[in-house]
Amino acid sequence: MNDHMPIYVGDKAIEEFLKFCKEKEYKKFYLIADENTYRVLGDRVLTAIKGQGWDVLSQILNPEHLHADDFSLTRVFAAYDAQPRLFVAVGSGTITDITRFTSHRSRNPFVSFPTAASVDAYTSKNAPVTVGGLKGSIYCHAPVSIFTDIATVCESPRFLTASGFGDSISKFTSSTDWKFSQLIWGCGFDDDIYRHALHAARQSADALQGILRSDPESMARLMDSQFESGFCMADFANSAPASGGEHHIAHLWEMMYHWEGRDGLFHGHAVGVATIIEAEWYERLRALSRAEAESLLNKAVVPDRAAQIKAIETHVPLIAEELVHGNPIYLQMADPALLERSRQRILEHWDEIQSLAANVPTAEQVRSWLKLLGAPTTAAELEITAEQVETAKNYGLYLRERFSMNIIRKLFGWE
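Per this note's numbering, the sequence shown starts with residue 1, numbered consecutively.
Written as structure tokens, this is what we have:
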């Protein structure tokens with residue numbers, strides 16, 4: 001993989017940050033946090049910056065109803081004075097995404113102070129933000145450095161760690177979906193990045209017993225796996241290595257919450273439950289012989305383009321135009337020639353597909369890991385209805401132009 005930004009994990013994060021700023025001659029800053037992350041770490045960071053006599057602005061956001069969306073982005077931009085500054089994100093996923101986007105659009109670098117092992121995208125160049133009700137991954141930039149105060153991470157609420165763990169182990173399915181995209185649809189791929197994404201998932205799973213004790217070494221391993229996953233996205237300049245069909249389902253649930261004006265759905269919790277759903281499909285795939293797969297594929301029916309567009313407009317009307325404009329793969333499969341090509345490639349690569357699917361843990365294994373951390377394992381625990389589950393399964397696959405196990409599931413005619 002490529003060379004990446006320096007990362008510090010330990011008990012001297014603020015001291016290392018000050019040393020970094022002196023070496024790079026940063027003297028103007030913009031600190032972004034929410035009230036909770038400011039209390040646990042941001043106050044100390046801000047005090048340290050002021051103690052050097054440096055110029056610093058700050059925006060401390062209300063954690064209630066906080067999302068990386070139009071409203072929060074505007075608040076951060078409104079408090080910015082248009083001077084060149086080093087943006088300083090003190091927080092977990094949402095604060096980091098807000099800072100990533102606003103620093104990039106204002107042409108400033110940023111550093112990250114993670115306050116929890118809650119997401120896998122600290123090192124990513126992509127910012128998942130919701131604009132106009134549509135959640136999308138927008139290419140921005142990575143932090144120039146990361147400073148992790150391990151005590152703060154170890155003391156963070158268990159539900160945040162559970163969220164990060166769910167996001168991390170989703171790489172079992174997302175990396176496999178990505179490889180399927182190459183084999184079946186000819187999408188861009190990198191073998192080295194694929195191996196790193198899979199390694200990140202395995203490292204998180206292997207560290208679970210220590211994570212349960214909030215052991216600093218194990219929490220650092222979880223953070224390392226999250227950093228590695230972010231590097232995979234940064235190196236590929238796309239979220240595909242770490243965001244497969246499970247993320248598409250979860251993203252649609254997150255959008256549903258947003259449309260309904262609801263809060264409380266953590267990204268990694270949604271991804272963890274969606275990973276269980278995808279893992280179940282992978283189990284069914286592993287149980288098939290090539291002959292059985294061929295029989296199912298010969299019966300595959302993909303609705304024509306007009307019928308698919310009508311269904312999209314009916315079930316997800318608020319984002320229908322954007323989904324259709326993105327020309328997702330399943331919509332392209334309305335072309336009989338492309339459908340036939342996909343059938344043939346699945347069968348041609350059947351042995352490799354089976355071998356890849358073996359990397360995905362069983363649904364029961366994923367469920368047991370999440371339960372140990374107290375994470376949700378069912379859509380009902382997320383307050384997602386059965387109807388919303390079906391909507392996300394059937395229309396989440398339109399969110400990106402990517403192949404996934406969800407599309408194979410549709411071709412096999414599985415519910």
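Just so you know, even glycine gets a beta-carbon here, dropped at the ideal spot from N, CA and C.
If you draw a straight line from the C-alpha of residue i to the C-alpha of residue j, how long is it?
i      : j      : result
HIS199 : HIS315 : 37 Å
ILE407 : TYR398 : 10 Å
GLU376 : ASN394 : Before going further, note that residue 376 is Pro rather than Glu in the sequence given. Straight-line Cα distance between these residues: approximately 22 Å.
ILE309 : LEU323 : 9 Å
GLY133 : TRP259 : 7 Å
THR99  : LEU297 : 46 Å
LEU212 : TRP185 : 40 Å
ALA127 : ARG195 : 23 Å
THR161 : PHE266 : 11 Å
PRO303 : ALA358 : 31 Å
GLU280 : TYR257 : 25 Å
SER170 : PHE231 : 16 Å
HIS141 : TRP369 : 32 Å
ALA287 : SER295 : 14 Å
VAL56  : ASP69  : 24 Å
ASN36  : SER58  : 14 Å
ASP3   : GLU155 : 31 Å
PRO317 : ALA311 : 9 Å
Which same chain residues, not among the five before or five after residue i, have their C-beta less than 6 Å away from its C-beta?
i      : result
GLN332 : LEU338
TRP178 : ALA240 and PRO241
LEU183 : HIS349
LYS27  : TRP54
SER118 : SER92, GLY93, LEU160, SER163 and GLY164
Restricting to Cα atoms, I'd like to know which of the options is closest to residue i.
i      : options                           : result
LEU372 : GLY272, GLU322 and TRP414         : GLY272
PHE159 : SER92, ALA121 and ALA205          : SER92
ILE193 : MET256, GLY133, ASP70 and PHE227  : PHE227
THR74  : THR37, TRP54 and THR130           : THR130
TYR122 : ILE150, ILE14 and ALA89           : ALA89
ILE60  : PHE77, GLN52 and TRP54            : PHE77
CYS187 : ASP235, ASP11, SER229 and GLU401  : GLU401
SER218 : SER204, ASP11, HIS349 and THR47   : SER204
LYS12  : LYS27, ASP149, HIS247 and ALA274  : ASP149
VAL389 : ALA250, ALA357 and SER289         : ALA250
ALA293 : ALA279, GLN365 and LEU411         : LEU411
VAL111 : THR385, ILE346, TRP54 and CYS21   : CYS21
ASP235 : MET255, GLN365, ALA197 and HIS269 : ALA197
HIS247 : ALA392, ASP263, LYS299 and TYR330 : ALA392
GLY413 : PRO317, ILE329, ARG284 and VAL144 : ARG284
TYR30  : ARG367, GLN83 and GLU278          : GLN83
TYR38  : ILE7, ASP69, ILE95 and ALA68      : ILE95
SER342 : THR173, PHE180 and ILE14          : PHE180
PRO380 : PRO6, PRO157, HIS104 and ALA274   : Residue 380 is actually Ala in this sequence, not Pro. Comparing Cα-Cα distances from ALA380 to each of PRO6, PRO157, HIS104 and ALA274, the minimum goes to ALA274.
PRO336 : LEU46, VAL301 and GLU364          : VAL301
LEU66  : ARG262, GLN344 and ASN327         : ARG262
ARG367 : LEU347, ASP191, ILE277 and ALA311 : ILE277
Pick helix, strand or coil for residue i, following the three-state DSSP scheme.
i      : result
ASN126 : strand
TYR26  : coil
ASP177 : helix
SER103 : helix
TYR282 : helix
ILE14  : helix
THR148 : strand
LYS299 : coil
PRO114 : strand
GLY42  : helix
TYR139 : strand
VAL153 : helix
ILE384 : coil
ASP235 : helix
Excluding the 5 residues flanking residue i on each side, which residues of the same chain have their C-beta closer than 7 Å to its C-beta?
i      : result
GLN52  : LEU18
ALA151 : ASP11
ILE329 : TRP185, GLU401, ARG402, PHE403 and ILE407
ALA207 : SER218, ARG221 and LEU222
Do residue j and residue i have their beta-carbon atoms positioned less than 8 Å apart in this structure?
i      : j      : result
PRO109 : VAL153 : no
MET223 : VAL9   : yes
MET255 : LYS125 : no
LEU382 : ALA270 : yes
THR362 : GLY245 : no
ILE146 : MET233 : no
ARG305 : ALA334 : yes
ILE14  : ARG44  : yes
SER168 : ASP97  : no
Apart from the five residues on each side of it in sequence, which residues of its chain come closer than 8 Å, Cβ to Cβ, to residue i?
i      : result
THR102 : ILE32, LEU73, VAL76, PHE77, TYR80 and PHE87
For the ligand MG, any of its heavy atoms closer than 7 Å to the Cβ of residue i?
i      : result
GLU321 : Judged by which ligands are present, the structure shown has none, so any question about the ligand MG falls away.
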